[in-house]
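Asks: The working numbering applies: residue 302 is where the sequence shown begins, and numbers increase by one.
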Amino acid sequence: MELLKEINDCILGYQKDVHNPDISVIDIIKKYFYIEINDYELKDFIKWFSSDRFRGNPKIKNVNISNIKIKEKGLFSPNFIDLEAEAYLSYELFKESCGWIKVKGKTNIIKIKNKWYYSSIYKNKCESISYPVNYGFFGREFD
Numbered sequence: 302m303e304l305l306k307e308i309n310d311c312i313l314g315y316q317k318d319v320h321n322p323d324i325s326v327i328d329i330i331k332k333y334f335y336i337e338i339n340d341y342e343l344k345d346f347i348k349w350f351s352s353d354r355f356r357g358n359p360k361i362k363n364v365n366i367s368n369i370k371i372k373e374k375g376l377f378s379p380n381f382i383d384l385e386a387e388a389y390l391s392y393e394l395f396k397e398s399c400g401w402i403k404v405k406g407k408t409n410i411i412k413i414k415n416k417w418y419y420s421s422i423y424k425n426k427c428e429s430i431s432y433p434v435n436y437g438f439f440g441r442e443f444d
């Protein structure tokens with residue numbers, strides 16, 4: 302039961318923090334991303350994440366997490382990942398360009414060294430980060 306709470310807290314925390322303008326990109330990355338890259342690559346990631354984070358001035362409400370499952374580690378998962386989990390995530394997202402839309406689908410998180418992360422960043426790539434399947438370009442809803 303504790304494991305499910307840890308997973309729920311990581312997913313919910315990330316969703317709330319990433320849409321909160323009072324929380325810095327650096328704080329989000331430190332809390333939710335396992336980092337194994339050099340400072341130069343990290344600066345590039347921070348720049349990308351910062352520019353993408355509030356595109357269209359998104360706001361979020363009615364976050365719901367269900368069907369949490371521990372998954373077998375993927376065949377091509379890095380060795381440092383201990384566990385993987387997936388959950389069904391749904392929420393409403395507001396963007397100035399299209400109003401409120403429903404976002405829903407599976408999302409994944411990973412456990413490394415006894416801590417859950419929303420993603421890992423290593424070797425100049427971001428691995429395991431995922432958004433619900435119907436979250437697409439221009440905020441359109443896909444089923």
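Backbone N, C-alpha and C fix where the C-beta goes; we use that ideal spot for every residue, glycine too.
These figures come from a predicted structure and were not determined experimentally.
(1) For TYR335 and SER421, which I take to be in contact (beta-carbon distance under 8 angstroms), what is that distance rounded to the nearest angstrom?
(2) How do the stretch 410-420 and the stretch 375-386 stand: do at least 3 beta-carbon pairs fall below 8 angstroms, yes or no?
(3) Whole angstroms is fine: what's the gap from ILE329's alpha carbon to GLU303's?
(4) Let me confirm a value: PHE371 is counted as buried when at least 16 other C-beta atoms fall within 10 Å, else exposed. Which label applies?
(5) Can you list, in chain order, the residues of its chain with a C-beta nearer than 7 angstroms to that of PRO359? Leave out the 5 residues immediately preceding and following it.
(6) Return the chain-ordered list of same chain residues with a C-beta closer than 8 angstroms to the C-beta of ARG441, the five sequence neighbours on each side being excluded.
(7) Cutting at 8 angstroms between CB atoms, please list the residues of its own chain near VAL364, excluding the five before and the five after it.
(8) Under a Cβ-count criterion, where at least 16 other Cβ atoms within 10 Å of its own Cβ denotes burial, should TRP349 be classed as buried or exposed?
(9) Distance, Cα to Cα, GLY375 vs TYR418?
(10) Return yes when the Cβ of LEU305 is within less than 8 angstroms of the Cβ of ILE369, no when it is not.
(11) Let me confirm a value: ILE324 is counted as buried when at least 16 other C-beta atoms fall within 10 Å, else exposed. Which label applies?
(12) Going by DSSP in three states, ASN339 sits in which element: helix, strand or coil?
(13) Which residue marks the beginning of the alpha helix (DSSP H) containing ASN365, and which one marks its end?
Replies: Put simply:
(1) Counting from one through the sequence shown, the residue named residue 335 turns up at place 34. Counting from one through the sequence shown, the residue named residue 421 turns up at place 120. Their Cβ separation, rounded to whole angstroms, is 4 angstroms, which keeps TYR335 and SER421 in contact under 8 angstroms.
(2) The stretch 410-420 makes contact with the stretch 375-386: 3 or more CB pairs, one atom from each, lie closer than 8 angstroms.
(3) To locate residue 329, count along the sequence shown from 1; it is residue 28. To locate residue 303, count along the sequence shown from 1; it is residue 2. The straight-line gap from Cα to Cα measures roughly 23 angstroms.
(4) Walking along the sequence shown from the start, residue 371 turns up at place 70. It is Ile, not Phe, that sits at residue 371 in the sequence shown. Its Cβ having fewer than 16 others within 10 Å, ILE371 is exposed.
(5) Within the sequence shown, residue 359 is the residue found at index 58, counting from 1. When the five nearest sequence neighbours on each side are left out, the beta carbons in the same chain lying within less than 7 angstroms of the beta carbon of PRO359 are those of HIS320, LEU394, PHE395 and LYS396, in order along the chain.
(6) Walking along the sequence shown from the start, residue 441 turns up at place 140. Note that ARG441 has pLDDT 41, beneath the 50 cutoff, so the model's placement of it is unreliable and the number below is only indicative. CYS399 and ILE402.
(7) Locating residue 364 in the sequence shown gives position 63, counting from the first residue. Result list for VAL364: LEU313, GLN316, LYS317, LEU390, SER391 and TYR392, in chain order.
(8) Counting from one through the sequence shown, the residue named residue 349 turns up at place 48. Looking at its Cβ environment, which holds fewer than 16 other Cβ atoms inside 10 Å, TRP349 is exposed.
(9) Position 74 of the sequence shown, counted from the start, is the residue given in the question as residue 375. Position 117 of the sequence shown, counted from the start, is the residue given in the question as residue 418. Taking the straight line from one Cα to the other gives about 16 angstroms.
(10) In the sequence shown, the residue the question calls residue 369 occupies position 68. In the sequence shown, the residue the question calls residue 305 occupies position 4. Judged by beta-carbon spacing, LEU305 lies within the 8 angstroms limit of ILE369, meaning their Cβ atoms are closer than that value.
(11) Counting from one through the sequence shown, the residue named residue 324 turns up at place 23. Result: exposed.
(12) Mapped onto the sequence shown, residue 339 falls at position 38. For ASN339, the three-state secondary structure derived from DSSP is coil.
(13) Translated into the one-based positions of the sequence shown, residue 365 becomes position 64. Where ASN365 is concerned, there is no enclosing alpha helix (DSSP H), although the beta strand (DSSP E) it sits in stretches over 360-372.
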